[in-house]
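Residue numbers are given in my numbering: position 272 of the sequence shown equals residue 272, and the series is strictly consecutive.
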Amino acid sequence: MSEAKEIVDECGIDESKFDVFIRMKASADNDYCFQVTKEKTFKGLIDIFTEMPVVLSPSIFYNRIPVGFKVSKYPGKLTRTGGILFGYEADFKENLEAVPIDGKISDFCLPGQLIVPVFPERKTLHLSLLAIIAVWLYTDLPDFISPTPGLCLTNQATKAIVWFLREILQKPVAAQKFWDDIFAPTGIVGQCIYFVFHIVKLTVLYFIFWAGLFNPYRFFGQRAPEVTRETLINIGWTGSKRGNESVYQDKYRNLQVQKLGGILKVYSAGLFSKIRICNLELNKGEGFDSDFKDDSSKDGKFILSWDLIQEQNQYFAESLKGCTSIEMIQRLKEYRQVGPLDPCPRLEKLVNARFATIDAEMKNENEKKND
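Here you go:
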């Protein structure tokens, strides 16, 4: 079997397996693509979080391993070439549907659908950190309003630093200078300025924890596991992630420039408006929230279904014939990132019909500008 054929067989475009996306770290910028079989259950996705040597939970305030999953029923944003993007609102509470942990993914998800992990909160850790910050701020209140003047955690920390400089590092001059700078008499205005700065400092510290900027694999103990090729194959790793509207817009612009042979020809063809508005938000029941077993798109309406996706996937697979291995890998990555750029005839017809109203409005708007 050739390398190219192996890539086609493993790309998730045949009928035995398909791609799904998992939103990591609760961020629309981290919608990673994984390949699953039709028999795989949601429970099998937990291997991703136990085998990968990185933390994929939103912050230290959540456990590293999810206890379940939810499927995004946000319809999605249809592109002009038939792809469907998620958007940041895809994991809003009203767009999520709980699924049984032992349920088959294929019973609840279409190919390319977004799955959101459910991480249990570390409430004790979160409340403990908030309590520490509150106590720290209380003890550092300006002396003229503090019920306990002089009882300041920052001062206690300063004394510890001074002791370390003097006794351990044997730098008495530096220790004394540090002491004089911190404990020099300060007026009311100076105390207030210092306290405001202290609030800002602790707010930034909390934000670092809350935003997941500091989220180690483990605080103590076991090291992160090593990743092998077998591990990546087992969890269905593809190395791709879904792009957003701006990523698709760049791809679509480059596609039109390549087709017509230059940006001036794109302008002459009046395609700038289409590039500017290159996606639309699907209505309820049209996208990933559709009854995907029912292929209503055969009636001329855009309704996402297994049949429509498989038809497009087979069309894409045929287009890979004759590509080199490098070209094939690049096109597969692009396909997973923004969906098709060359839709099959049926999908193209449905997409054009769905964009017809928007295109008519843009045409009228351009005609008014030219009058």
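The beta-carbon is built from N, C-alpha and C at its ideal position, and this holds for glycine as well.
Just so you know, these numbers come straight off a predicted model, no measurement behind them.
In the DSSP assignment, find the unbroken alpha helix (DSSP H) run with residue i in it and report its ends.
i	result
N103	With the sequence shown as reference, residue 103 is identified as Gly, and Asn is not the correct amino acid for it. Where G103 is concerned, there is no enclosing alpha helix (DSSP H), given that its DSSP letter is neither H nor E.
Y32	First-last for Y32: D31 to T37, but that is the beta strand (DSSP E), not the alpha helix (DSSP H).
N313	W306 to S319
L45	Element bounds for L45: n/a, residue is neither H nor E.
L332	S325 to V338
Judging by CA-CA distance, which residue of the options is the nearest neighbour of residue i?
i	options	result
Q256	L341, N30 and I101	L341
N95	S106, Q113, K104 and L78	Q113
I48	R64, L110, G212 and V189	R64
L308	S146, D291 and V173	D291
W237	K25, M52, E39 and N279	M52
K284	F302, F272 and L271	F302
K363	I326, G322, L347 and S273	S273
A174	A184, F183, V162 and I182	V162
F34	V54, K25, N366 and P111	P111
N215	K38, D359 and R122	R122
Y252	G339, S16, T324 and Q191	G339
D250	T203, R276 and W306	R276
A360	V266, G270, I208 and F18	G270
F61	G262, E365 and F209	F209
T244	P147, R336 and L264	Note on residue identity: the sequence assigns Asn, not Thr, to residue 244. If we check each option's Cα against that of N244, R336 comes out closest.
P225	M24, F42 and T50	T50
A356	M328, K368 and G300	G300
Would residue i and residue j be called neighbours here (beta carbons separated by less than 8 Å)?
i	j	result
I235	P117	no
Y206	I133	yes
Q312	P345	no
A28	F69	no
L280	K73	no
F316	L304	no
K40	I105	yes
I182	F144	no
P142	F197	no
D31	K177	no
T139	L130	no
F108	V99	yes
V67	P120	yes
P75	G212	no
L137	L202	yes
G82	E348	yes
Y248	T79	yes
Indicate the three-state DSSP secondary structure (helix, strand or coil) for residue i in the structure shown.
i	result
T154	helix
R166	helix
A4	Note that A4 scores a pLDDT of 45, beneath 50, so its modelled location is shaky and nothing firm can be said.
D181	helix
I263	helix
I84	strand
K123	helix
N244	coil
E97	strand
E286	coil
M171	The residue asked about is misnamed: residue 171 is Lys in this sequence, not Met. K171: coil per DSSP, three-state reduction.
G300	coil
G190	helix
T139	helix
N364	helix
T148	coil
Starting from residue i, follow the beta strand (DSSP E) in both directions and report where the run begins and ends.
i	result
I275	Per DSSP, I275 belongs to no beta strand (DSSP E); it is in the alpha helix (DSSP H), F272 to R276.
L114	L114 to V118
K17	K17 to R23
S72	G68 to S72
E406	The structure shown has nothing for residue 406, since the chain only spans 1 to 371.
T79	K77 to T79
Let me check you understand the geometry: is the CB of residue i closer than 7 Å to at least one non-hydrogen atom of the ligand MG?
i	result
T148	Among the components of this structure there are no ligands whatsoever, and the ligand MG is therefore not found.
### Query
Which runs of the alpha helix (DSSP H) spanning at least 4 residues fall entirely within the stretch 199-236, listed in chain order?
229-235, all fully within the stretch 199-236.
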